[in-house]
């Protein structure tokens, strides 16, 4: 068929000082805002059209490579522009746009100020002027291109909160203005200037992303399709229209298109791919548009005839004469493997032939996508196995085991491809070529089929591992390392026992690439197979000395090799993490030399470039974490002094550029990270006095880290302070006056929301440490936290821990939390009302909703426990709402186990705090009986919590 029939759509599921805040009545915000307002799923977008998130391919589950596009040179400078207070004519906007791209910094600055002023004074006219500029073929290409960039940036941003605000800004414009802008955008699709057409197609998609979810611009798809069917439509118009259709499909969700619109789009796109279309550009745009349209084609793929036709066209396109079109067709096959795995079976032989031919003889860009197809099939089958794991009688018919069936042909093809390495590829961490892609695919196959891959790979390894050609030795090592995650230990252990000494010897190979891959393979051996408590361990007292000797010596190799050696040390140490001290004691003799080696590794040339410094410090952290502290406290105490010395030296680094500043910050982060491991290690032992004696110096260093970063708060230093507070206990209060201003700054850092989130966590640490000694600082903390909850610009992920933090504060200060109840409780109730039922079709919202529910329950638990006693009656007005919310969550199938546990706990806390006062409340809300019965089938922690809560309720009811 040349048209896809309409069909009902299936429903888809220095001495630093700070003054503590006045403990008088806090200045708290009033009416709470909607929790999480303006935040939701957000695709990456915004920025320059040269580096845009729009119009590319949607990310797959396994994004295994990245690329960057070329940037056009700036246009020639226009005539000098006078300072404008406003823009009066079309010529004005043209000249300002040209001046804004001038190499003359002064001219550029004046132009940018004029544009900003115009936007602020009259946004509707500003946008209209830009759209007219973009659509006018009489204007210079440079000004039109920048007009498109600015238009896009007024509609979209990478930050979700700003994206939402820009969308609201567009929605609020006068309807006539929006209509004129959209007409100009559609008109520009037929422009003779490619940059203008591309800009217009992207801006159209951004407008559609705002309007189509609101059921606005209902005729957009029809107008775009009209361009494809109109008599005498030019190739450039068709190309731009197809690009626009693809971008629109990328920006919106499937529920925003009716099925007849999806059918029409697919028909137009598939027709555009037809060989009868003479324009290569049109066919390429059609294939790329199909890629994004596939996400809307559920009903079409459920129809055999329509699916067959779509697959036929894609497979034919995969053998086109043009490389770019072949690559785009394979990208479609990759997407289909991910979205429509269940429909692949009839086409697998054809697709295998296509991918095999591409891998063996096509351009690398095409071959990479052919391999990616099989990697994606692996992803799907691994996921299906994980879903059915643990269900003895589960129907696993959804797993077609394509990989298992293709093994005899697929694995040899990939093994041969491993031999196509690039010279010096190990020097670039971001390299992605056919050899790397094949190794990654082998690793996924090993996870998908397990033991079955071993006999297919080992003959290749044995045949090539001693070959004089380094390509063969490296490929054999890469193949062996790739299959270590998936097959069983009994299958792999004999091979690793036999090959470990060979791998250790290979760390002296004359070829750097072989050493690089060997170090990586040793890391994989230790990561997946090293278990000191197993019956036949890989690492024993007999070979540990040789392993350590080789690794420590190889850490002095080239930075790329040393970085992977540090990774191997990390995984070697990690193997002892959950073992008894008597077992991890085997590492004690090596600890001084390992520490010395790892501390010196980052000092070599190009350490930062090869991530060596980070890997060395991560390995150091792990070796300290697993060490037997009873035997190593003096060594780790010396390490503490060395790390403090190094942190102090960072303040003397010469800062001449932003790069220098970033290097200083990164080094401080790594050193603070080591201290986060050392401090609890020593404080939880007989050597805790070492921390007490050094606490002042540690705190001084952390505060200096804050001070040298001006307005920003250093995340790792903040985490280290939380660890120190836990280690020294109530004595930490003496640092609060100086520390509080930085804590407050962290809580107010909305743009770097991770800093804000970490600061919230540190508030919890301090509350648990200081208990009621934190009271003088609570007004300031609560004021900022309540403002954070009311701020729509703050990333929503910070809000659940803020609610939990309310509970920490209440537990710390007890009945003194009374003064905050009028402010905190409306926030909790307002958030709870939004979370009664979650949209189960939106996985992101379900996950976030459960985080928020857990945070709310934890807040209630902390407040109930804190208020318990003479002032318990203060919680009575909030009890009914809490029970109603808990009942609603109990009835919602989307709650996860952590929410269940928190909900059960809060019921027990309510009964425990209110006692007999809660008798009638629980009698009127009997859902808890069934709830607790359900909990009996959960894990032990939930069962214990339910048993305790049931006991509390029984006591309250019978009292």
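Residue numbers (the working numbering): 125 to 1083.
Quick reminder that beta carbons are idealized off the backbone N, C-alpha and C, glycines included.
Minimum C-alpha distance to residue i - residue among the options
i            : options              : result
residue 448  : 407, 685, 230, 248   : 407
residue 676  : 226, 780, 696, 527   : 696
residue 815  : 862, 760, 780, 788   : 760
residue 1046 : 1078, 298, 765, 1059 : 1078
residue 757  : 871, 810, 741        : 810
residue 692  : 712, 658, 708, 742   : 742
residue 543  : 817, 593, 244, 478   : 593
residue 956  : 260, 509, 1004       : 1004
residue 400  : 444, 386, 679        : 444
residue 442  : 535, 479, 396        : 479
residue 618  : 582, 420, 773        : 582
residue 267  : 309, 992, 279, 224   : 224
residue 559  : 586, 525, 488        : 488
residue 1058 : 1021, 1037, 1080     : 1021
Own chain residues within Cβ distance below 7 angstroms of residue i, not counting five before or after
i           : result
residue 588 : 596, 597, 599, 600
residue 109 : This structure does not reach residue 109, given that the chain is present from 125 up to 1083, and the question cannot be answered.
residue 151 : Note that residue 151 scores 41 on pLDDT, short of 50, meaning its location in the model is unreliable and no value can be drawn from it.
residue 181 : Note that residue 181 scores a pLDDT of 41, beneath 50, so its modelled location is shaky; the value from the coordinates is reported in the next line. Within the same chain, residue 181 has close Cβ partners 415, 455.
residue 844 : 796, 799, 800, 826
residue 714 : 672
residue 717 : 676
residue 212 : Confidence is the limiting factor: at residue 212 the pLDDT is only 49, short of 50, which leaves the residue's position unreliable, though a coordinate-based value still follows. Cβ neighbours of residue 212 beyond the five flanking positions: none.
residue 917 : 285, 874
Close beta carbons around residue i, own chain, < 6 angstroms, minus the five adjacent residues each side
i           : result
residue 610 : 570, 571, 574
residue 651 : 695
residue 892 : none
residue 136 : In this prediction, residue 136 has a pLDDT of 36, which is less than 50 and means its spatial position is unreliable; nothing more can be read from the coordinates.
residue 944 : 906
residue 438 : 453, 456
residue 708 : 700, 750, 752
Environment of residue i [buried if 16+ CB atoms lie within 10 Å]
i            : result
residue 971  : exposed
residue 454  : buried
residue 412  : buried
residue 354  : exposed
residue 282  : exposed
residue 764  : buried
residue 1065 : exposed
residue 805  : buried
residue 614  : exposed
residue 625  : exposed
residue 191  : Low per-residue confidence applies at residue 191: pLDDT is 34, beneath 50, and the placement is therefore not dependable enough to give any value.
residue 909  : buried
residue 1070 : buried
8 angstroms Cβ cutoff met for residue i and residue j
i            : j            : result
residue 1067 : residue 1026 : no
residue 467  : residue 425  : yes
residue 767  : residue 795  : yes
residue 264  : residue 222  : yes
residue 1013 : residue 1028 : no
residue 745  : residue 803  : no
residue 391  : residue 313  : no
residue 987  : residue 930  : yes
residue 328  : residue 388  : no
residue 248  : residue 301  : yes
residue 856  : residue 890  : yes
residue 357  : residue 405  : no
residue 1030 : residue 1062 : no
Distance cut-off 7 angstroms: residue i Cβ against heavy atoms of the ligand ZN
i           : result
residue 936 : As far as ligands go, the structure on display features none, and thus does not contain the ligand ZN.
Close beta carbons around residue i, own chain, < 8 angstroms, minus the five adjacent residues each side
i           : result
residue 461 : 468, 497, 500, 501, 504
residue 645 : 601, 602, 604, 605, 608, 627
Endpoints, alpha helix (DSSP H) assigned at residue i
i           : result
residue 433 : 428-441
residue 851 : 839-852
residue 701 : Taken as a continuous stretch (DSSP letters only), residue 701 belongs to no alpha helix (DSSP H), as it is neither H nor E.
residue 373 : 359-375
residue 909 : 902-914
residue 860 : 860-871
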